[in-house]
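Peer 1: Here you go, one structure.
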DNA sequence: GCGAATTTTTACCATTTGGTAAATCTACGA
DNA sequence: TCGTAGATTTACCAAATGGTAAAAATTCGC
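Protein chains in written order, with the numbering used here: chain A, -14 to 191; chain B, -14 to 191.
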């Protein structure tokens, strides 16, 4: 472990690590950290448990690896918020991107939600180093837009919270949403329309 | 279990069941269902593990009891949505009540969120019998308001989702919120202001 | 094809955890 | 105060679970 340059991974290592992480994402997001077992992950991956421990140092290593890899994808929509674009359209496009992610990557959303829900015991450092600076930067950008008068007065921090909350809700609370919505309706289309109206109303009020 | 009328619980039973449930709420909300152990709950409650199993049939029994008791409290703010009140003020008051609950009962919020996040394996029946009818009823009420022209066109289902999502976010994602917000600021006051503006904008747009 | 390195399996193990049986202690009404 | 129903503790247990050692199998550069 105190070795210098890590050997570049073989094709087998690349493939198996990917297979294991995909299985682990499925299992962790469905059962939570403690509810997930190495046996479940092993079965899901089609790889024996000791073999999984050949590729990862342990259960926690798999979990942390997943969360770290996820973080980049997760923050990407916010990174793309363009200082040079039209403020209202930029923010609405951000809402749409976040909603698309909730639709396309619900397991990732639930994995992240589960970690935060339990106090972010394994990802707090990353939140400080990755999320916090980006959050501050984009809050400053939105504040600038407000000060320039191109946006009405609003709280950038809580605006972003509202966007996160409303979009991720469809992935994180999917079980509830499915019970409450008519099964044939396309929840995401309706949600997209609703959220566009909701946030546009706030961003364009006179 | 096939007995007829259950004996009325003694004072000791009342007290100990309350103590156990309170400890279990703390432990379940912090660690999730699988992460919570009877030993943790026992320590937190100051009651030995076998003694806990004298009052409850098992771990799942405690969890289900907690969720069932919580459901009533949880739905209460929505029950109070008054068909005879002013639509905009009624909905904004509902938002405030939900936000107050997230502030005052964060453990309950996280317990519920954890259950839904994992597919509501132990509370799905209650969601159908308790939540669904109330949800449908209040959606119909809001639809009526829209049809009467006292509210602008909007999707009642997704409006309620947005209210749930934005308010519960402050309890469920508390760990993240604490990392991102300046520690001295009063998050709930700012959130209340923000959410009032957000939803009022949508409800009063011309 | 061959030897070394990598990968996989087999056979385990210690700990944790939900739960139980039975003995013991305590409260409480007669 | 005494007997009994109710409450609590002690001493367990079986299954699940994260993890390991070492043998066996496979892959790969030459």
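By construction, the Cβ of each residue, glycine as well, lies at the ideal position given by its N, Cα and C atoms.
For the ligand SAM, is there any heavy atom lying closer than 7 Å to the beta carbon of residue 156 of chain A?
Peer 2: Looking for the ligand SAM in the displayed structure turns up nothing, as the structure carries no ligands at all.
Peer 1: How long is the line joining the alpha carbons of residue 90 of chain A and residue 11 of chain B, rounded to whole angstroms?
Peer 2: Numbered from its first residue, the first chain carries residue 90 of chain A at position 105. Numbered from its first residue, the second chain carries residue 11 of chain B at position 26. Looking at the two C-alpha atoms, the distance is approximately 30 Å.
Peer 1: Assign residue 31 of chain B to one of three DSSP states: helix, strand, or coil.
Peer 2: Here the question's residue 31 of chain B lines up with position 46 in the second chain. Of the three classes helix, strand and coil, the one that applies to residue 31 of chain B here is coil, per DSSP.
Peer 1: In the DSSP assignment, find the alpha helix (DSSP H) that holds residue 135 of chain A and state where it starts and stops.
Peer 2: Position 150 of the first chain, counted from the start, is the residue given in the question as residue 135 of chain A. Segment: none, residue 135 of chain A is in no alpha helix (DSSP H) and carries neither H nor E.
Peer 1: Would you kindly check if the distance between the Cβ of residue 184 of chain B and the Cβ of residue 77 of chain B is under 8 Å?
Peer 2: Your numbering for residue 77 of chain B matches position 92 in the second chain. Your numbering for residue 184 of chain B matches position 199 in the second chain. For residue 77 of chain B and residue 184 of chain B, yes; Cβs fall inside 8 Å.
Peer 1: By the 10 Å Cβ neighbour count, where 16 or more other Cβ atoms means buried, how is residue -1 of chain B classified, buried or exposed?
Peer 2: Position 14 of the second chain, counted from the first residue, corresponds to residue -1 of chain B. Its Cβ having fewer than 16 others within 10 Å, residue -1 of chain B is exposed.
Peer 1: Taking only beta carbons into account, state which residues of the segment 83 to 112 of chain A come closer than 8 Å to chain B, listed in chain order.
Peer 2: Here the close residues are 95, 98, 99, 101, 102, 103, 104, 105, 109 and 112.
Peer 1: Quick one: using the 10 Å Cβ neighbour count with 16 as the cut-off for buried, is residue 114 of chain A buried or exposed?
Peer 2: Counting from 1 along the first chain, the entry for residue 114 of chain A is found at position 129. Counting Cβ neighbours within 10 Å, residue 114 of chain A comes out exposed, since fewer than 16 surround it.
Peer 1: Going by beta-carbon coordinates alone, are residue 126 of chain B and residue 98 of chain A separated by less than 8 Å?
Peer 2: If you number the second chain from 1, residue 126 of chain B lands on position 141. If you number the first chain from 1, residue 98 of chain A lands on position 113. Contact: no.
Peer 1: Counting Cβ pairs closer than 8 Å, one from the segment 133 to 150 of chain A and one from the segment 145 to 164 of chain B, do we hit at least three?
Peer 2: Enough Cβ pairs lie closer than 8 Å, so yes.
Peer 1: Please check if any C-beta of chain A sits within less than 8 Å of the C-beta of residue 182 of chain B.
Peer 2: As a first step, residue 182 of chain B is located in the second chain; it is residue number 197 there, counting from the start. Answer yes: the Cβ-Cβ gap between residue 182 of chain B and chain A drops below 8 Å somewhere.
Peer 1: Name the two residues that bound the continuous alpha helix (DSSP H) containing residue 189 of chain B.
Peer 2: Residue numbering aside, residue 189 of chain B sits at position 204 when the second chain is read from its first letter. It spans 172 to 189 - the alpha helix (DSSP H) in which residue 189 of chain B sits, taken as one unbroken run.
Peer 1: Using a Cβ cut-off of 8 Å, pull out every chain B residue sitting near residue 128 of chain A, in sequence order please.
Peer 2: Residue mapping note: residue 128 of chain A aligns to position 143 of the first chain, counting from 1. What residue 128 of chain A touches in chain B: nothing, since even the nearest Cβ is about 14 Å away.
Peer 1: Please list, in chain order, the residues of the segment 3 to 34 of chain B that have any C-beta partner in chain A closer than 8 Å.
Peer 2: Residues passing the 8 Å Cβ filter: 15, 16, 17, 18, 19 and 20.
Peer 1: Output, in chain order, the set of chain A residues within a Cβ distance shorter than 8 Å of residue 0 of chain B.
Peer 2: Translated into positions along the second chain, residue 0 of chain B becomes position 15. Under the 8 Å cutoff, chain A gives no residues; its nearest Cβ is about 29 Å from residue 0 of chain B.
Peer 1: Going by beta carbon distance, what residues of the same chain come within less than 8 Å of residue 196 of chain B, once the five residues before and after it are set aside?
Peer 2: Because chain B spans -14 through 191 in this model, residue 196 of chain B falls outside it and cannot be assessed.
Peer 1: From the DSSP output, in three-state form, read off residue 41 of chain A for me.
Peer 2: Numbered from its first residue, the first chain carries residue 41 of chain A at position 56. Looking at residue 41 of chain A - three-state DSSP - the assignment turns out to be coil, as it is neither helix nor strand.
Peer 1: For residue 145 of chain A, count the other beta carbons within 10 Å of its own beta carbon; 16 or more makes it buried, fewer makes it exposed. Which is it?
Peer 2: Counted from its first residue, the first chain places residue 145 of chain A at position 160. So residue 145 of chain A ends up on the buried side.
Peer 1: Hey, does residue 48 of chain B have any beta-carbon neighbour from chain A nearer than 8 Å?
Peer 2: Stepping through the second chain from its first residue, residue 48 of chain B is reached at position 63. Closer than 8 Å: no.
Peer 1: Can you check whether the CB of residue 124 of chain B is closer than 8 Å to the CB of residue 141 of chain B?
Peer 2: Residue mapping note: residue 141 of chain B aligns to position 156 of the second chain, counting from 1. Residue mapping note: residue 124 of chain B aligns to position 139 of the second chain, counting from 1. Yes, they are a contact pair.
Peer 1: Closer than 7 Å by beta-carbon distance: list the chain B residues that pair up with residue 160 of chain A, in chain order.
Peer 2: As a first step, residue 160 of chain A must be located in the first chain, where it is residue number 175. Those within 7 Å of residue 160 of chain A in chain B are 101, 104 and 105.
Peer 1: Check the Cβ-Cβ distances between residue 76 of chain B and every residue of chain A, and say whether any is below 8 Å.
Peer 2: Residue mapping note: residue 76 of chain B aligns to position 91 of the second chain, counting from 1. Not closer than 8 Å to any Cβ of chain A, the Cβ of residue 76 of chain B fails to qualify, so no.
Peer 1: Helix, strand or coil for residue 54 of chain A per DSSP?
Peer 2: As a position in the first chain, residue 54 of chain A is number 69, starting the count at 1. DSSP places residue 54 of chain A in helix when its eight states are reduced to three.
Peer 1: Let me know the secondary structure DSSP gives residue 108 of chain B once reduced to three states.
Peer 2: By 1-based counting over the second chain, the position of residue 108 of chain B is 123. Three-state DSSP puts residue 108 of chain B in coil, outside helix and strand.
Peer 1: How long is the line joining the alpha carbons of residue 60 of chain A and residue 178 of chain A, rounded to whole angstroms?
Peer 2: Reading the first chain from its first residue, position 75 is the one you call residue 60 of chain A. Reading the first chain from its first residue, position 193 is the one you call residue 178 of chain A. Cα to Cα, the separation comes out at about 23 Å.
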